[in-house]
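Visitor:
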Amino acid sequence: MSEFVEKSLGVSDSSSVGKNNTNDGDIYKATFISTLVNVSDLAVHFPVKTREGRQFVRPVDEVSFTIGKGEVLALVGESGSGKTTIGRALVRILEPVSGCIEVVGRDVAHIRGSELKGYRNIAQMIFQDPFGSLNPVKTVERHLQFPLHKHTGTQGVALSERMNQLLDQVGLTPVAEMRQKYPHELSGGQRQRLAIARALAVQPKLIVADEPISMLDVSIRAGILKLMNQLRTEMGLSYLYITHDLASARYFGDRIMVLYGGRMMETARSDELIRHPMHPYTRLLLAATPGSPVTGPLPETSNQPPNLLEGRQGCPFAPRCPLVTQECHTAQPELRELDARHQVACHHA
Ligand SMILES: Nc1ncnc2c1ncn2[C@@H]1O[C@H](COP(=O)(O)OP(=O)(O)O)[C@@H](O)[C@H]1O
Ligand SMILES: [Mg+2]
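Quick look at the structure:
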């Protein structure tokens, strides 16, 4: 296990981020007793032009999950599986076509105007490319001034002090020097720290972190994850941590949810999922991860991308699945509970 995490993150497993994972189920339940996010049957669609005319792709199809207060849910899947679309729907950068997104007890799936503005103080998103999400002609302090002023109403000395506090909190020091820098004068890790500081300025309860370390050097990845974990402890933050990499999901996530073709394949506590992967797709992902406890390669029947068109039938993984039967092409497997904390959507797992 330690080799598994080390190889992908360049850290030793014993220096793991100190998350709330524990082998004691009761303690686990107690830790996340209160739910912050409750998403049910979420679906997003986009119109596309095809040879048959205008159709819809549905990259997120009836996905349900919860995130507890202070919990990290890791969302894992290969490129195109719908991870970013779920993240964008959760922070309401886009509106779902159906389903509920309950956050702090309120359904925000279709809110607009001032309600949506208010929701920005609860849910924030951090993107994969910190350079792309920062303004090249603004200094570090100008990136923070606006959200801080808007949220706290402070200005002058009070605003300046709050800014110093925030920069210190994300490790952008010495703060006086950092405040005057432009994004191009920062390293990749420092830019991501600034993006995190900007998200924190409004004191959110939930952060959607969309592959926040995948563009960073391996040597600084663990530092960013440690920072995010420290902020979770200090501020009681919850995260939807999006990644294509099971090792970092295991390292930072309390639970892992595996997505394929816009549908949830499997979800369990991180350790449990890595030790006892049940879905053929999870096993395939694990077999492809260096140092993983599951050895492969597993046979695949094709390397076709999944069909994302609205109205598709059966399991999206069926065309690639080594366990496929006729049923898989026609009947969509329901999410089955193996035990209270491990669910899988497969006819054969
Ligand atoms: N605005 C859009 N219009 C049409 N298709 C889209 C749009 N946004 C995303 N998609 C499609 O949705 C699928 C899932 O995308 P995405 O959520 O970005 O996946 P991931 O983050 O897992 O790589 C992809 O096939 C993508 O092409
Ligand atoms: Mg993405």
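Each residue of the sequence shown is one higher than the last, beginning at 5 in our numbering.
Note that beta-carbon positions come from the ideal geometry of N, C-alpha and C, so glycine has one too.
Quick caveat, the model's predicted, so the values are computed rather than measured.
1) Cutting at 7 Å between CB atoms, please list the residues of its own chain near L170, excluding the five before and the five after it.
2) Measure the CB-CB distance between S381 and K73 and report whether it falls below 8 Å.
3) Could you say if the segment 147 to 166 and the segment 212 to 221 meet the contact criterion of at least three C-beta pairs nearer than 8 Å?
4) For the candidate residues G266, L210 and Y264, whose alpha-carbon lies nearest to that of L77?
5) Which residues, in chain order, sit with a beta-carbon under 6 Å away from any heavy atom of ligand 1?
6) Please work out which residues of its chain come closer than 7 Å, Cβ to Cβ, to L327, disregarding the five sequence neighbours upstream and downstream, and give them in chain order.
7) So, with DSSP's three-state summary, where would you put P337?
8) Identify, in the order they occur along the chain, each residue of the same chain with its Cβ nearer than 6 Å to the Cβ of F321, setting aside the five sequence neighbours on each side.
9) For P310, is the classification buried or exposed, using 16 other Cβ atoms within 10 angstroms of its Cβ as the cut-off for buried?
10) Identify the continuous beta strand (DSSP E) that holds G103 and give its terminal residues.
11) In the DSSP assignment, the beta strand (DSSP E) including P51 goes from what residue to what residue?
12) Measure how close the beta-carbons of V108 and L40 come, nearest whole angstrom, since I'm counting them as under 8 Å.
13) Count the C-beta pairs between the segment 47 to 60 and the segment 97 to 107 that are closer than 8 Å, then say yes if the count reaches three, no if not.
14) With respect to 7 Å, is the separation between the Cβ of D172 and the closest non-hydrogen atom of ligand 2 below this value?
15) Would you report the Cα separation of M268 and Q194, rounded to the nearest angstrom?
16) Pair every Cβ in the segment 52 to 60 with every Cβ in the segment 111 to 118, then say whether three or more of these pairs are closer than 8 Å.
17) If we call anything under 8 Å between Cβ atoms a contact, is N42 one with E145?
18) Between the Cα of E341 and those of K121, T271 and S296, spot the shortest distance and give me the residue it belongs to.
19) Quick check: the Cα distance between F354 and A213, rounded to an integer number of angstroms?
20) For my contact list, Q128 and P208 are in at a C-beta cut-off of 8 Å; report their separation, rounded to the angstrom.
21) Measure the C-alpha to C-alpha separation of R92 and R110 and round it to an integer number of angstroms.
22) Which residues bound the beta strand (DSSP E) around A213?
23) Mind checking which residues open and close the alpha helix (DSSP H) that includes L439?
Guide: Taking the structure as given:
1) Reading the sequence shown from its first residue, position 166 is the one you call residue 170. Around L170: L148, A201, L204 and A205.
2) In the structure as shown, the chain starts at 5 and stops at 353, and residue 381 therefore has no counterpart that could be examined.
3) no
4) Your numbering for residue 77 matches position 73 in the sequence shown. Checked all of G266, L210 and Y264; the closest Cα to L77 is L210.
5) F50, V52, V61, P63, G81, S83, G84, S85, G86, K87, T88, T89 and L312
6) What you label residue 327 is simply residue 323 of the sequence shown in a count that begins at 1. The answer, listed in chain order, is P284 and H352.
7) On the sequence shown, residue 337 is found 333 positions in, with the first residue counted as 1. In this structure, P337 counts as coil in the three-state DSSP scheme.
8) In the sequence shown, residue 321 corresponds to position 317, counting from 1. The residues are Y264 and Y285.
9) What you label residue 310 is simply residue 306 of the sequence shown in a count that begins at 1. Buried.
10) Position 99 of the sequence shown, counted from the start, is the residue given in the question as residue 103. Where G103 is concerned, the enclosing beta strand (DSSP E) stretches over S102 to V107.
11) The residue given as residue 51 occupies position 47 in the sequence shown. It spans T39 to T54 - the beta strand (DSSP E) in which P51 sits, taken as one unbroken run.
12) Your numbering for residue 108 matches position 104 in the sequence shown. Your numbering for residue 40 matches position 36 in the sequence shown. Their Cβ separation, rounded to whole angstroms, is 6 Å, which keeps V108 and L40 in contact under 8 Å.
13) yes
14) As a first step, residue 172 is located in the sequence shown; it is residue number 168 there, counting from the start. Outside the cutoff, so no.
15) Locating residue 268 in the sequence shown gives position 264, where the first residue counts as 1. Locating residue 194 in the sequence shown gives position 190, where the first residue counts as 1. Cα to Cα, M268 sits roughly 34 Å from Q194.
16) no
17) On the sequence shown, position 38 is the one that residue 42 refers to. On the sequence shown, position 141 is the one that residue 145 refers to. Going by C-beta atoms, N42 is not nearer than 8 Å to E145.
18) Looking up residue 341 in the sequence shown gives position 337. Ranking K121, T271 and S296 by Cα distance to E341 puts T271 first.
19) Not covered by the structure: residue 354. The range shown for the chain is 5 to 353.
20) Residue mapping note: residue 128 aligns to position 124 of the sequence shown, counting from 1. Residue mapping note: residue 208 aligns to position 204 of the sequence shown, counting from 1. Confirmed, about 4 Å.
21) The count along the sequence shown starts at 1 and reaches residue 92 at position 88. The count along the sequence shown starts at 1 and reaches residue 110 at position 106. Cα-Cα distance, rounded: 18 Å.
22) Counting from one through the sequence shown, the residue named residue 213 turns up at place 209. Start and end: L210 to D214.
23) Because the chain spans 5 through 353 in this model, residue 439 falls outside it and cannot be assessed.
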